[in-house]
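Heads up, the thing below is written out as structure tokens.
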């Protein structure tokens, strides 16, 4: 079972957009059974698939903090065949406090998702919050692959430096040698000199993992999210759908490959 985490400590990097649409593409284009796990207090992953996360009686917080709650009690279906959602909402803000005394607090998510493989899921896709706190550490312990969305702005390399360092630290301290960055995806791409310069630097730092397709701005992607739909439900022939399909295909294609044969250097901060 593949376990793919979309992580960047900075907000506004299109992390949720990539997580949701990659999960939907894996289900619809590859026929996989996919569970999208939202860990962000805003609940945007569920909202992007048409769920009213505010009214759900249980969400991922209850799964992580209440022993009697089972995975099947919380998982919600989506309109995309093969894609289910483990939703989140604002209760997740209290998660670090509730589990503070637990010695295995960083393993709560991995432990509670243990039944997912027996339930027939082929892929878990994690949408992380824009921070490097306990919730994100839980995601890194539960995941085996990390996708880093990088908005092509002046401070873009800061987020890469933080994620690369944290992935290495968690891999070593938690005994997770398989954990690695498998794809770095440039987002919010515009044809400017600055964006081109940042792309070149990313290529030098991540020569084996930088996505070939940057995600440029496309209004149809935003419109799809506002309607609670994936890009393929809303505008399947749009440029946004084409870009997201290309990126999802690249992420899918790293399965079974040893990426990063040349060790990625930690980017210097801007």
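In the numbering used here, the protein residues as written are 130 to 399.
The beta carbon of each residue, even a glycine, is placed where N, CA and C say it ideally should be.
Predicted model, so just to flag it, every value in this text is computed and none were measured.
Residue i at chain D interface by Cβ criterion, 8 Å
i	result
residue 269	Chain labels in this structure do not include chain D; a single protein chain is all it has.
Backbone secondary structure at residue i - three-state DSSP
i	result
residue 359	coil
residue 224	helix
residue 213	strand
residue 374	helix
residue 135	strand
residue 349	helix
residue 198	coil
residue 309	strand
residue 203	helix
residue 318	strand
residue 168	coil
residue 390	Any reading at residue 390 must be qualified, since the residue scores a pLDDT of 33, below 50, and its modelled position is unreliable; no value is offered.
Given residue i as reference, the closest of the options once Cα atoms are compared
i	options	result
residue 241	217, 276 and 199	199
residue 131	144, 152, 237 and 141	152
residue 312	331, 202 and 365	331
residue 143	335, 213 and 177	177
residue 344	368, 336 and 356	368
residue 378	314, 353, 356 and 323	314
residue 274	220, 229 and 257	257
residue 82	342, 261 and 203	The structure shown does not extend to residue 82, since the chain spans only 130 to 399, so no value can be given for it.
residue 292	283, 304 and 279	279
residue 225	357, 135 and 170	170
residue 197	206, 205 and 187	187
residue 326	306, 281, 339 and 364	281
residue 295	321, 155 and 260	260
residue 337	306, 276 and 203	276
residue 267	380, 166, 183 and 364	166
residue 306	145, 322, 269 and 323	269
residue 133	150, 141 and 139	150
residue 354	146, 139, 140 and 184	146
Burial state of residue i, where buried means 16 or more other Cβ atoms lie within 10 Å
i	result
residue 137	buried
residue 208	exposed
residue 201	exposed
residue 173	buried
residue 212	buried
residue 175	buried
residue 373	buried
residue 284	exposed
residue 348	exposed
residue 264	buried
Same chain, Cβ closer than 6 Å to residue i, five either side skipped, listed in chain order
i	result
residue 383	311
residue 396	Only weak support exists for where residue 396 lies, its pLDDT of 42 falling under 50; the coordinates are left without a value.
residue 220	190
residue 218	172, 182 and 188
Cut-off 7 Å between Cβ atoms - residues of its own chain near residue i, not counting five sequence neighbours on either side
i	result
residue 385	Note on residue 385: pLDDT 46, under 50, position unreliable in the model; no value is reported.
residue 361	153, 157 and 370
residue 222	170
Other residues of its chain near residue i: CB distance less than 8 Å, five sequence neighbours each side excluded
i	result
residue 245	130, 164, 200 and 253
Exercise. What runs of the alpha helix (DSSP H), each 4 residues or longer, lie entirely inside the stretch 238–291?
Worked result: Taking only runs of at least 4 residues, the alpha helix (DSSP H) segments lying wholly in the stretch 238–291 are 244–247 and 263–271.
Exercise. Unbroken beta strand (DSSP E) runs of length 3 or more, entirely within the stretch 141–190: which are they?
Worked result: Entirely contained in the stretch 141–190, the beta strand (DSSP E) runs reaching 3 residues are, in chain order, 163–167.
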